[in-house]
Every structure is written in structure tokens, then in C-alpha cells.
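Numbering (this note's numbering), first residue to last: 13 to 619.
Before any comments, here is the structure.
Here you go:
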């Protein structure tokens, strides 16, 4: 794709604005040294619009724009479930989780685990997040960003990696979270404008020049299967000449009532590089408004990140557009993850600079956010805890900057190994899901069940990967979203039972009913999951009704186990917080209602 002089000028202006704002908000007050609160939590001064913008800019990166567009090409609009369900999840996080975090005045998610459980749980999860951010998140964002640069303007893959890393480093390493958050406002503005341009141009091409709305109606009419929001068990799609199951990626009703909630709660409610923005809020009210703003943006985001992929599918499959086909081919195979760069190449000269800036901005904002959160966890939960307990504030900031650089350097070295993967967004969800159920169980029980113990939390963390691995290798027909839901329920039982065992006077012979309930649950999910015993019955996992009943029964079993635990003593580190902090303003409640109605209408129209 060729750039005109004005495109280059627009992009350069964008880059200068980002770096300029970052350095301006990072400037020191005379005689005042930057401390760890300033660097890692922006001095707890962020307003709602900065929080909301930063949440979206941190989340919507290469793996979202390029990866979800690729999934839109392969699967269709159903992949938007990640955005739509995230919007609802954000509202729950703002209502019920943020009051606890802000009340405890923590820097990091591992710090909360120390307050509620003990140092073992804190350290084990801190190490997990560090490995996840460096070897999964940073590398995939870098990979898809470099892929976009290569596809759009022909920059060699390794040069793209180095360029993105350098840009992210320049504007974030000095100012910390404050620099990241305030530049994210500009990033989101470019993201929205750029998304409108790319989707508009793509839809206009679909309609043959009759306008974007006409193009959207054409897609609904000509490729209706791409607008199925809830898949049946026999739904398939074609990729690299092979037929694959759409249901295995998005297993029907589970995206609404099952494992999708586990993934979203872990990501939006217990994830350092997301929650860190809310922790930096001026107060709880600003934090909630910022999260609600982000939730609204999530509802409209599929227009920008999924529609271009669906449009690319139409142009390839229905019109045989040679330019799009050539742009998406690699080694003789059609690559879905090249659909967004292919659509970007259609934007007229003079506007490419804006759309390209939007794409690059999304990439580097996520890189900067992940670097800062990696630095926060390492500095506060590893370095300050184990290496230098007497470290000064100045030294903590210095270590944070060094950690950011090292994390980025490691990611640059690892990224080339990811070449060859398709649908990178699905790759992230699949493998982070091995620990996601444990994270969700540990946090939810830690907040809302006062009897959960440190030993139980540690065992939940340890058991998550082996249980997931068992399903992955021995029951592969269970979609990974369903797998997360099943593992979540199993870990709930583990948390309850081990917490019981930790209490004085525990006797197995008194727990016969719970043992029977647990065995019945395991039997049902194993047989229901492999589609054998319950085929043709109301409990068949191949039907929406059967899957709904299985999920409801699972939650009922957990509720029974919690009810039977009423006689157990409270854990000495249980969260004690007034119910008044959960009360939210009419403004927040109104915004939440509007968002829930919008999501509901989308699923009603395109079920």
C-alpha cells in the first residue's frame, strides 16, 4: 500500500502529538521527586474519561483489531460476543469489584491476594501474570502489529517489531501510567475515526459505491451465516482449505451463560493491566463512570473490528476481488488475519495516515500498558518483597523503568517464533484459559465468601492447569469456552472442600451428601461433555436447552455446597467491607441500563 505525502505528514503529526503529550504530563514539579504512586498509579488522579479511554486503548490492540477481523472473516459476527459480553462484565466489575479494590488501596492484583490470603498465593499469581504478559500478551500484540506493518506498507517483519517497541518505549517508560493514560485519549480518538473510515470504505465497496449502509444490508442479505450470533453444534467455517467447527470456538449458548463469563471476569476484573487504570482513579465515582464509558465503547467496537473481516469475506467469496485475494494470500493459502490490513489498503490517499495512525496507536498503547503493568507487578510484588525490602521510592521507579525495558526486549526476541499461527485472538483465549478459571475462583471467593482459606486458594491455582490439560487432551470435543466453565465449577468445589478441611473438627464422614453431589456433577459434565450418554435427551450438550440446564445444575450444586458450609468459621483474613460502598449513582445505573438493553437487542435481532 502506497502512502501519499499527506498521509506521511498526518502520521508524523500523530506521533509527535503522542510523544509530546506523554512528556508534558510526565514533567516534574520543581523540587518534587516522582514516587511509586505517581509512576504506577498516576498519582491516583485520573478522571473518568482518561480511565475509559485507557481501558479501551489498552484492550483494543493488534490482537483485537487484526485478530477479531480475521475471526470475522472466518467465523462472522459471533466473535463480537467477546466485545458485547465484556461490556456487561465491565458494569459488574464497576458495581461490585472496584469498591473492594479502592477500599483496600492496593497497587496490584497480587497485593489484594496477600491481603486476603497469604504470600504464597500472591507470589504464585504474580509469577503467572508476569509470564503471561511477557510471553503471551506482549508477543502476540507485537506479532500482529509487525504483520500489519508488513502487509500495509511492506516494512520487514523484524524492523516492524523493533519500530513498535521503540515507539512504545519512548512515550511510556519515563512518565509511567499517567503518560500512558492521557495519551490513550488521543489513541481512542484516532481509533474511532480510523475504524469508521476502514469500515465505511469496506462497506461502500461491498455495495458497489452505493454507501456504507447499503453495503451493510448487502452483507446481511448475501452472507447471512456471518451474522449468526449463537452457533449450533454443526456450524462450520473454511480456513486454509479445511473445514473447522465454529462451535468449538464459540459453543452456542455458552457465550451468554457459560465459560465466556469466566474469561471476562478474569480479564476485566482481576487483570493488572486492565484494573490498574481504575486503581488510579480520583475516587470510586470517577472509576465507575470511566468503566461505564469503556463498556459503551465496547458495544460499538464490533463495527470497527469485525465488520471489515465480514466485508473481506464477501469480497473474496462472492465477488472474487483479485486485489483483496492477493493481499490476503500467503504461501498459497488464504490468511484471515490479513483481512484488516487488506481493507486498510482500500482507504483513499489522504486518509490512510489517519487509519494507519489508529492501528499503530492501538498497538503501541497496549504495548505500553502491558509494559507498565509488568513493571508494577515485578517491582511491587517481587523486587520490593524479596530483593530489596528497604528500597526507596526513587529506586522503585528506577526498577520499574528497567523492568519495562527488559520485558519489551524479551518480547521482541520471542515474537518471531509465533509466525505460522492463524487467528491469533483465538490462540490467546485458548491458552490463557488454562489458568483463567483459577484466577476467577480465587478472586470471587476471596471477595464474597468469607470462609475461603489460603491453602484452598493455593490448591485451586495448582490444580487449574492439570484439570484443563485433562480436558484438552482426553476430552478434546469439549469447546474451550465450555472447558473453562466446567473447570471453574470443579475449582469452586475444590475451594469449598479444601476450606472445610482446613477448619478444626472437620470429618469426612459428615460430608456424605456433598461427596454425592460432587460425584454426580462430575459424572454429568463428563458424559454431557463428550456427547454420549445424554444424546437425544433434554440434557444433551448439543442443544441450547440441554447446555443451559447443565450450567444451571452446576451452579445449583455449588450453591448447595455453600449452603452446607454455613457452620464453618470465618477465615481470619476475610474481607470486611460495608455494603454501602456497593451503592452506585443514578447516572451510572442509567448508563448500565442503556448498555444492557443494547446488548440484549443485538442478540434478539441476530440470534
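For glycine and all other residues, C-beta sits at the position ideal for the given N, C-alpha and C.
Applying the 10 Å Cβ sphere with the 16-neighbour rule, what's the burial state of residue i?
i, result
"residue 32", "exposed"
"residue 616", "exposed"
"residue 1", "Examination of residue 1 is not possible in this model, given that the chain is present from 13 through 619 alone."
"residue 619", "exposed"
"residue 489", "exposed"
"residue 258", "buried"
"residue 171", "exposed"
"residue 238", "buried"
"residue 613", "exposed"
"residue 633", "Any property of residue 633 remains undetermined from this structure, which presents the chain solely from 13 to 619."
"residue 550", "At residue 550, the pLDDT of 49 sits below 50, so the modelled position is not reliable; the number obtained from the coordinates is stated separately. Label assigned to residue 550: exposed."
"residue 623", "Outside the shown range of the chain, which is 13 to 619, sits residue 623, and nothing can be said about it."
"residue 483", "buried"
"residue 599", "exposed"
"residue 350", "buried"
"residue 52", "buried"
"residue 495", "buried"
Would residue i and residue j be called neighbours here (beta carbons separated by less than 9 Å)?
i, j, result
"residue 155", "residue 321", "no"
"residue 242", "residue 92", "no"
"residue 30", "residue 199", "yes"
"residue 56", "residue 291", "yes"
"residue 106", "residue 369", "no"
"residue 150", "residue 392", "no"
"residue 377", "residue 195", "yes"
"residue 260", "residue 95", "no"
"residue 227", "residue 375", "no"
"residue 472", "residue 430", "no"
"residue 337", "residue 462", "no"
"residue 423", "residue 146", "yes"
"residue 59", "residue 593", "no"
"residue 275", "residue 448", "yes"
"residue 3", "residue 22", "Within the shown structure, residues of the chain are numbered from 13 to 619, placing residue 3 beyond reach of any answer."
"residue 183", "residue 34", "yes"
"residue 308", "residue 607", "yes"
"residue 481", "residue 352", "no"
"residue 591", "residue 128", "no"
"residue 214", "residue 361", "no"
"residue 364", "residue 124", "no"
According to DSSP, is residue i helix, strand or coil?
i, result
"residue 386", "helix"
"residue 465", "coil"
"residue 367", "helix"
"residue 431", "coil"
"residue 129", "coil"
"residue 585", "coil"
"residue 404", "coil"
"residue 345", "strand"
"residue 293", "strand"
"residue 226", "helix"
"residue 56", "helix"
"residue 515", "coil"
"residue 331", "coil"
"residue 15", "coil"
"residue 248", "strand"
"residue 298", "helix"
"residue 255", "strand"
"residue 186", "coil"
"residue 657", "Nothing can be reported for residue 657: it is not among the residues displayed for the chain, which extend from 13 to 619."
"residue 24", "helix"
"residue 489", "coil"
"residue 178", "helix"
"residue 601", "helix"
"residue 550", "A caution first: residue 550 carries a pLDDT of 49, below 50, which makes its placement in the model too unreliable to give a value."
"residue 413", "helix"
Quick one: measure Cβ to Cβ for residue i and residue j, integer angstroms, because I've assumed they're closer than 8 Å.
i, j, result
"residue 197", "residue 61", "7 Å"
"residue 273", "residue 102", "With a Cβ gap of about 12 Å, residue 273 and residue 102 do not count as contacting."
"residue 333", "residue 88", "Incorrect: roughly 19 Å between the Cβ atoms, too far for contact."
"residue 262", "residue 90", "5 Å"
"residue 132", "residue 466", "7 Å"
Identify, in the order they occur along the chain, each residue of the same chain with its Cβ nearer than 6 Å to the Cβ of residue i, setting aside the five sequence neighbours on each side.
i, result
"residue 468", "507, 510, 511"
"residue 190", "37, 54"
"residue 413", "185"
"residue 310", "95, 98, 99"
What does a CB cutoff of less than 7 Å around residue i pick up in its chain, not counting 5 residues either side in sequence?
i, result
"residue 415", "386, 387, 390, 391"
"residue 583", "462, 463, 464, 465"
Got a sec? Which residues, its chain only, sit under 8 Å from residue i by beta carbon, not counting five neighbours each side?
i, result
"residue 303", "63, 64, 67, 102, 103, 105, 106, 110, 290"
"residue 589", "111, 112, 115"
"residue 202", "26, 366, 369, 370, 373"
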